[in-house]
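Taking the numbering used here, I'd label the letters of the sequence shown as residues 528 to 819.
Just so you know, even glycine gets a beta-carbon here, dropped at the ideal spot from N, CA and C.
What follows is one structure encoded as structure tokens, with my remarks underneath.
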Amino acid sequence: MHLADFVAGSVGGAFGVAVGYPLDTVKVRIQTQRRFTGVWQCIHTTWKTEGVNGFYRGMSMPVTTVSISSSVVFGVYRNVLQCLHQLRSTSTGLDFLPAKVDFFLSGLSGGVAQVSVMAPADIVKVRMQCQMVHQGLDAQQPKYRGPMHCLLTIAREEGFLGLYKGAGALALRDGPSFATYFTIYHVICEQLSPPGKTQPEWNVVLLAGGLSGMCGWCIGTPMDVIKSRLQVDGMGKRRYTGFFHCIAQSIRTEGPGVLFKGLGLNCIRAFPVNMSVFAMYEVVVRLLRPKT
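Structure follows, in structure tokens:
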């Protein structure tokens, strides 16, 4: 088992959250609140009504949990990739390099595996980001006083399974998204690195990390919209009875384009975030496994 990949993924994930959180808040609000007509209007309104703090609501828990979930993603990804490589080598008697399908399947496994860790933290993040919009700025007392209070309130009012609201959509987002993410990253690194070089140059790491993140969000954004809407549905009057009803209702009332709300913002945010994630991941891996 490659423990270095779990550690490196943890560090990279936490760093990525810190870089991209303000734009993530804007993205969630655009996806879930029809009052926001665009990115700049949402940024301006948030800045004007809530100040800088409005962009960082609920960040403490995601930094911790994304660190854990990213550790799971990268750790599962690397270990599944190693298993597939060993199976391929054993069955053929030859030591092949991993095939593109191996990267895809390993990324898919990592994305789905981290949902059990990610789902409760993600619903807390989304509700903390949106509660001021739902309640209004003149609310006497915010419903959720902080991330832990939000977590406990959801569990008390909606049951333990309430913490996993939208988890199906989250798995459908992260499985294909991370499969694309890791495949594109390794394809770019392979194409831009000299033959036989096992460690890509840092400029290649940064470019490949940024582009792979953008490609991953192109695949994941439709389910990201549905996930966010299901997660905030418990904050007020319920609009959706379930996953398929949420999809049908959203498309019927706002058109098919609703599934790509926030795509541009996701792609803009994805480049620096995933550039940072892979840079930190490679730094830690090379420190812990210098001969790799």
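| Query | Result |
| --- | --- |
| Judging by CA-CA distance, which residue of D751, G540, S596 is the nearest neighbour of T559? | D751 |
| From R816 to G540, what does the alpha carbon distance come to, in whole angstroms? | 19 Å |
| Report the three-state DSSP secondary structure of L664 (helix, strand or coil). | At L664, the pLDDT of 47 sits below 50, so the modelled position is not reliable; the number obtained from the coordinates is stated separately. Looking at L664 - three-state DSSP - the assignment turns out to be coil, as it is neither helix nor strand. |
| Just to confirm my understanding: we take L742, look at its own chain, exclude 5 residues before and 5 after, and list those with CB closer than 6 Å. What are they? | The question names Leu, but residue 742 in the sequence shown is Cys. So the list reads T707, I711, once near-sequence residues are dropped. |
| For the candidate residues Q668, P669, G702, R765, whose alpha-carbon lies nearest to that of K692? | R765 |
| Tell me whether the beta-carbon of V555 lies closer than 8 Å to the beta-carbon of C657. | yes |
| For T680, which residues from the same chain have a beta carbon less than 8 Å from its beta carbon, with the 5 sequence-adjacent residues on both sides left out? | K670, Y671 |
| Tell me which residue opens and which closes the alpha helix (DSSP H) that E781 is part of. | 770-781 |
| On the three-state DSSP scale, how would you describe M741? | helix |
| Whose C-alpha, out of Y583, Q609, H612, E728, is nearest the C-alpha of V651? | Y583 |
| Of all the alpha helix (DSSP H) runs that stay within the bounds of the region 529-588, which reach a length of 4 or more residues? | 530-559, 566-577 |
| For the putative contact between G634 and F709, defined by C-beta atoms under 8 Å, what is the C-beta separation to the nearest angstrom? | 4 Å |
| What does a CB cutoff of less than 7 Å around L664 pick up in its chain, not counting 5 residues either side in sequence? | Because the pLDDT of L664 is 47, which lies under 50, any placement of that residue in the model is unreliable, and the number read from its coordinates should be weighed accordingly. The residues are T576. |
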